[in-house]
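Colleague: In my numbering, the protein residues as written are -3 to 874. All residues carry an ideal CB built from backbone N, CA and C; glycine is no exception.
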RNA sequence: GCCCGCUUGGCGGAACCGGCAGACGCAACGGACUUAAAAUCCGUUUCCCUCUGGGAGUGGGGGUUCGAGUCCCCCAGCGGGCACCA
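1) By the three-class DSSP mapping on this structure, what secondary structure does residue 246 have?
2) Between residue 520 and the rest of its own chain, which residues show a CB-CB distance below 7 Å, the 5 nearest in sequence each way excluded?
3) Verify whether the separation of the beta carbon atoms of residue 436 and residue 240 is less than 8 Å.
4) Could you tell me the distance, in whole angstroms, from the CA atom of residue 176 to the CA atom of residue 182?
5) Tell me the DSSP secondary structure of residue 353 in three-state form.
6) Grouping DSSP H, G and I as helix and E and B as strand, with all else coil, what is residue 865?
7) Whose C-alpha, out of 814, 276, 245, is nearest the C-alpha of residue 265?
8) Within 10 angstroms of the Cβ of residue 735, are there 16 or more other Cβ atoms? Answer buried if so, exposed if not.
9) Would you kindly check if the distance between the Cβ of residue 408 and the Cβ of residue 399 is under 8 Å?
10) Can residue 549 and residue 665 be called in contact, C-beta distance under 8 Å?
11) Please report the Cβ distance between residue 138 and residue 90, rounded to the nearest whole angstrom; I am assuming they are in contact, meaning their Cβ atoms lie under 8 Å.
12) Extract the residue ranges of the alpha helix (DSSP H) inside the stretch 90 to 118, only unbroken runs of 4 or more that lie entirely within it.
13) To which residues does DSSP link residue 788 through a beta bridge?
14) So for residue 873, helix, strand or coil by DSSP?
15) Residues in its own chain within less than 7 Å of residue 146 by CB, not counting five upstream and five downstream?
16) Between the Cα of residue 428 and those of 813, 261, 51, spot the shortest distance and give me the residue it belongs to.
17) First and last residue of the beta strand (DSSP E) that includes residue 826?
18) So, at 6 Å on beta carbons, what are the nonlocal neighbours of residue 430 in its own chain, with the 5 sequence-adjacent residues on each side left out?
19) Per DSSP, which residues does residue 339 bridge with? Please list them.
20) Just the C-alpha distance for residue 170 and residue 180, rounded to the nearest angstrom, thanks.
21) Counting C-beta neighbours from all protein chains within 10 Å, is the total for residue 879 16 or more, i.e. buried, or is it exposed?
22) Bridge partners for residue 805 per DSSP, in chain order?
23) Could you give the distance in angstroms between the alpha-carbon of residue 321 and the alpha-carbon of residue 511?
24) Determine the contact status of residue 331 and residue 343, defining contact as a CB-CB distance below 8 Å.
25) Could you give the residue range of the alpha helix (DSSP H) that holds residue 819?
26) With three or more C-beta pairs closer than 8 Å as the rule, is the stretch 724 to 735 touching the stretch 689 to 705?
27) Buried or exposed: which applies to residue 67, given that a residue is buried once 16 or more other Cβ atoms fall within 10 Å of its Cβ?
28) Which full runs of the alpha helix (DSSP H) of 4+ residues lie inside the stretch 545 to 578, going along the chain?
29) Here's the rule I'm using: 16 or more other beta-carbon atoms within 10 Å means buried, otherwise exposed. How should residue 879 be labelled?
30) Counting Cβ pairs, one atom from each stretch, are 3 or more of them under 8 Å apart for the stretch 793 to 805 and the stretch 30 to 37?
31) Measuring straight from C-alpha to C-alpha, what distance separates residue 899 and residue 663?
32) Taking the alpha carbon of residue 558 as the reference point, which residue from 233, 333, 643 has its own alpha carbon closest?
33) Alpha carbon to alpha carbon, how far is residue 227 from residue 501? Give it in angstroms, no decimals.
34) Rounded to the nearest angstrom, how far is the Cβ of residue 639 from that of residue 65, given a contact under 8 Å?
35) Would DSSP call residue 772 helix, strand or coil?
36) Could you compute how far the alpha carbon of residue 366 sits from the alpha carbon of residue 553?
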């Protein structure tokens, strides 16, 4: 480029500014232009076409919180790579976007800012849609859905009624966190140190009639099917497995001395019954409550258990405590042995029968308990190689395998045999049954809130719970609601809940609970297949598009959302809406986006934008010059102010730079560290590619030359370049298939470096240059789609890269004909040799022994053995 | 407490099935261009030494192997999950 600079200093700086602008890729103009071109060509519209193979790519849809954050940007960049790559591979790609639009933040905003939740939500959606559009994602916006739209939730209500009819939905008492000041139910995360997050009031545990979905009906299948989810991270499968928590054991009835009723306990170690030294029940067990009625000290103990709670707080204080009820129960095999019955803080009412027997010898928790209360510790299983007569339990319970001892008829049996024998005898005596227990509990979906999908039932004093007739759906949320008072606005609405009973016509009340927003997100992937259908889904559409081939989102949804969606898929299948069992054939969980944290001496967090570098290298607060402590990189969060707004980045560097940076370096499943230097470096690379291709000073052959001219394969440098080009196609293709975006990026860098090396103005060089650039442009297409289009056009094409097929590598150029083989002596590398591909051992040995360094290292000795792995290594063993 | 994962230069990371450790990028340093700066281009960059060469090296210790970042055992640190799950 000519650089003629004349004139005064001021003129010069002005012209330099102009030149600097002209020498740089104008992403703003180009990105807008290509987004319009894609839109005009309709390249991202998905149409059902049974003649073509389909591919459904889905990223977890966002909650419309206000603005997209970097986590969204990373998630959607990855999904878009997959969508564009699969499209280029010839698949009919479905890549939709929508909004998980119900939920508490809208109500909080309504209370704090006096806006309506709907207005707040739709404003946010408009902002975030605009932001997402600037990223240039290959989405089919015609399929956009918002879960707060009645056109969406009416179908959810219909399915609820179907679930009700199928006994998949039911009502029962459930425990809730009740905030007595706000008159509302709190989620677990809203309870901080036992107090309501907003009111600060002491939270009460209350029993309320709640709606539940019977996920436990599918417990077995939800567990078994995990085995077949071979494109899910094994970590997620393991977490779901633990969550479902199947355990095989026995329910055993202990007789209570002087009482007509027995005590039913659940155990997975019925083989250790002879080691029992106490029984314990949950503080919520009916027996405990009855005993407490006549024992104020026990009542106080139970109250204390409730205060500590069963969740995180209990973790801190792992002290096992109990209270002796004074009751005694009889050992099922030894009528003369009486065991004390305790109320213990570590026994959960929700699991099993809410009662256990304690075997201190073989359960650590029971051992701790026994030591504290001076109960006997009887070993009944001894490990192989120990003497049962002397084997004793010290500070640690023995939970391993072994033979039974001190156990009457079980003595000498191993654990499985002993279990079988106990099961046989107890079953025969009708004192116990073999049982499978699950940790998984039914899904409580009732929320005492306004901004959610209304549960379509009516309560009639005469008829009980009456479903809303399907013809009356949807049950719409009223618009005129008041957030000025505590409690559920639906409940205190003057007219909304008063309706006639559909069954008897008398005055009745609507259900004022709305559904958990996890219900909304449990089937949205299916709705995307037919977003305008007048039923929940169109069977022909879902049969074609489902399952989702690749689902991408945060690992924080590893259990709840993904398990609920798996449940919903089965429930919808059983109601005739779907023909599949599993919603997501492939799952990828991406890492978080992190950034350094900055803190002033006052303890105040400071945003990255306000940081400057001091002369000494340290960080200072730009506006005051105050020193700043740079903290370790943490997940971007508003509270620590270490956030970078994607919109700012797109404004400064463009969408392609932002996308490429987020795909570089960090493997997608790991956390990404956002750095200013990194994004600036990416911007330089974008410009480098643009200059190389669009501003090339060397000739690039025309688009119509299909075959390499003579010389392209004879010149060693050009042939090497062509090999690099085709190996890069093969490499990047493999990397994208395997979600190794960072490696794909590295390969593109290598290719760009190799292409920059090609000199010469002859036709052969011009051809290789074109071949390389045309490949490079299509390879970056899924990652930097706008730049790819810009360069594609610069290469003389009138087509869109977005609609171009994926490049195919020439196998002859991928295979290496000469390989570099390392030569080791005694395992130490002494040099390398160039060998023909798949050379024989004899050839390899001759070449290896010819290396002076090898001869020197052998010190005249003769090799004992020469290990030769073709194309890899020669190891001379002395 | 239990379960799972991770640990490679100054930094992010690469290294396929056990076969040349450090690709690629960032940062830093040196040089070219410039009155100067920015941008760009060209180099250097794991550490150590007695430096045309040699040695060590993938959190620490041990093992298997001709050969270990990779496999096995022990330990440490960091991160994640959990309902003390009977």
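Modeller: On the basis of the supplied data:
1) strand
2) 57, 94, 141, 143
3) yes
4) 10 Å
5) DSSP places residue 353 in strand when its eight states are reduced to three.
6) strand
7) 245
8) buried
9) yes
10) no
11) Not a contact, Cβ separation roughly 11 Å.
12) With a minimum length of 4 residues, the continuous alpha helix (DSSP H) runs that stay inside the stretch 90 to 118 are 100 to 109.
13) Per DSSP, none; premise fails for residue 788.
14) strand
15) Once the five neighbours on either side are set aside, the close Cβ partners of residue 146 are 470, 472.
16) For the residues 813, 261, 51, the minimum Cα distance to residue 428 belongs to 261.
17) 824 to 832
18) 246, 419
19) 277, 319
20) 15 Å
21) Residue 879 lies beyond the residue range present for the chain, which begins at -3 and ends at 874; the question has no answer from this structure.
22) According to DSSP, residue 805 bridges with nothing at all.
23) 41 Å
24) no
25) First-last for residue 819: 814 to 821, but that is the beta strand (DSSP E), not the alpha helix (DSSP H).
26) no
27) buried
28) 556 to 570
29) With the chain covering only -3 through 874, there is no way to say anything about residue 879.
30) yes
31) No statement about residue 899 is possible, as the shown extent of the chain runs from -3 to 874 and does not include it.
32) Measuring from the Cα of residue 558, the nearest candidate turns out to be 233.
33) 53 Å
34) Distance from residue 639 to residue 65 at the Cβ level is roughly 7 Å; contact confirmed, criterion being Cβ atoms closer than 8 Å.
35) Here residue 772 sits in helix by DSSP.
36) 39 Å
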